[in-house]
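Participant: Quick note, the sequences are listed as chains D and F, same order.
Counting in numbering that gives the first Met the number 0, the first sequence runs from 0 upward without gaps.
Counting in numbering that gives the first Met the number 0, the second sequence runs from 0 upward without gaps.
All C-beta atoms, glycine included, are put in the ideal place defined by N, C-alpha and C.
Below you will find the structure I want to go over with you.
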Amino acid sequence: MWKEQVMQVLERHFGTKKPITETSHFIDDLDGDDFDIVDVTDQVCKKLEITIPEEDTFNIATVQDLLNEVEKNIVQ
Amino acid sequence: MILVVLAAAGGGVLYVKALQKDLDTAKANIIKLEDGISEQKAVIAQQEKDFESIIKVRNDLEDLNRVLETANKNLNEKFNKLNAAGDRRDIGALSVNRPKSIEKILNKDEVHERRCFEIIGGSPLTEEELNATKKSQINTVCPESANPNYVTY
C-alpha cells in the first residue's frame, strides 16, 4: 500500500513519460537533480506522515533507495 | 713648386685624416644604431608577449564570465523548476523542512563552481571528470569544460 503511495508521488513529480521502476535512478533515468530527490522525499514523508532523518537521505540515488528508507521508518 | 707640392700633400693628408675621422664617427654611429635596433626588437618582442598575455587574460575572463552565466542560469532553473504536475519548486520550504540536505546540495554546487575556475586556470581534467558520461557524474556548472565525454540525453 505505502509503496503505491510512494510511486504516486513519484509519478506526479516526474511524470509518466519515462517509466518509473524500483531501479530508476532519479538523476540519470528520471532527469531529476539533487533538489528533486529532497523534494520527493519531503513529499513522501508528508503523504505517509512519517519522518526520515535527513542524514539517511543523503545517499538516496534510486527509487529503491527511497523505498528502503521509507520502509525502515514505517516499520519503526 | 716644391712648396705647392708639399702644401697639396699636406692638404691631402689632412683631408684623408678628416675622412678617417668621419668614417670612425660613422662606424660608431652604425654600432649605436645597431644597438638601438636590437633594443627596439627586444621591446617589440616584449610587447608581443604582453599582447599575448592580455589576450589570454581576456579569454580567461570570457571563460570565467561564461561559467558565472551558466552557474546563474543553473541556479535560476534549479530554484524555479516546475515538476510534471506543474508545481514550482519551493526552495524556501525545502530549506525549512530539510535544511541539511539543501546546504549539502549548495555546497556541492560551490565545489563544482570552484573546480570550473581551476579548469579555466589550466588545471588538467581528472580521470573521473574525463570518464563522466552520466548526468549524476558531471560537474553541473561547467560540464562542457569539465566533462568532454558527457553527452546530454
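For a cutoff of 8 Å on Cβ pairs, would you count Arg-114(F) as touching chain D?
Facilitator: To locate residue 114(F), count along the second sequence from 1; it is residue 115. Not closer than 8 Å to any Cβ of chain D, the Cβ of Arg-114(F) fails to qualify, so no.
Participant: Does the CB of Arg-97(F) have a neighbour CB from chain D at under 8 Å?
Facilitator: The residue given as residue 97(F) occupies position 98 in the second sequence. True, the Cβ-Cβ gap to chain D drops below 8 Å.
Participant: For Tyr-14(F), count neighbouring C-beta atoms within 10 Å of its own C-beta (all shown protein chains included) and say buried if the count is 16 or more, exposed if not.
Facilitator: Sequence index remark: in the second sequence, residue 14(F) carries index 15 (1-based). By the neighbour-count rule (16 or more Cβ atoms within 10 Å), Tyr-14(F) is not buried but exposed.
Participant: Could you round the C-beta distance between Val-43(D) and Val-8(D) to whole angstroms and report it? I think they count as a contact, below 8 Å.
Facilitator: Here the question's residue 43(D) lines up with position 44 in the first sequence. Here the question's residue 8(D) lines up with position 9 in the first sequence. That belief holds up - the Cβ atoms of Val-43(D) and Val-8(D) are roughly 5 Å apart, short of 8 Å.
Participant: Identify the contact partners of Asp-41(D) in chain F, using a Cβ-Cβ distance below 7 Å as the criterion.
Facilitator: On the first sequence, residue 41(D) is found 42 positions in, with the first residue counted as 1. Neighbours of Asp-41(D) on chain F, chain order: Leu-93, Asn-96 and Arg-97.
Participant: Take the Cβ of Ile-73(D) as the centre, count every other Cβ of all protein chains shown within 10 Å, and call the residue buried at 16 or more, exposed below.
Facilitator: As a first step, residue 73(D) must be located in the first sequence, where it is residue number 74. Flag for Ile-73(D) reads exposed.
Participant: Using C-beta distances below 8 Å, list every residue in its chain close to Ile-101(F), excluding the 5 sequence neighbours before and after it, in chain order.
Facilitator: For the purposes of this step, residue 101(F) is taken as the residue at position 102 of the second sequence. So the qualifying residues of the chain are Ile-90, Leu-93 and Ser-94.
Participant: Counting contacts by CB-CB distance shorter than 8 Å, is Lys-87(F) in contact with chain D?
Facilitator: For the purposes of this step, residue 87(F) is identified with residue 88 of the second sequence, where counting begins at 1. Per the sequence presented here, residue 87(F) reads as Arg, with Lys not at that position. Taking Cβ atoms only, chain D never reaches closer than 8 Å to Arg-87(F), which makes this a no.
Participant: Determine the burial state of Glu-128(F): buried for a count of at least 16 other Cβ atoms within 10 Å of its Cβ, exposed for fewer.
Facilitator: Mapped onto the second sequence, residue 128(F) falls at position 129. Result: buried.
Participant: If you pair each beta-carbon of the segment 60–70 of chain F with each one of the segment 139–152 of chain F, do three or more pairs fall below 8 Å?
Facilitator: Yes: the two stretches touch, three or more of their Cβ pairs being nearer than 8 Å.
Participant: So what does DSSP say about Arg-88(F), is it helix, strand or coil?
Facilitator: Here residue 88(F) corresponds to residue number 89 of the second sequence, with the count starting at 1. Residue state, collapsed to three classes: coil.
Participant: With DSSP run on the structure shown, which of helix, strand or coil describes Leu-81(F)?
Facilitator: Within the second sequence, the letter at position 82 stands for residue 81(F). The answer is strand: DSSP assigns Leu-81(F) an E or B state.
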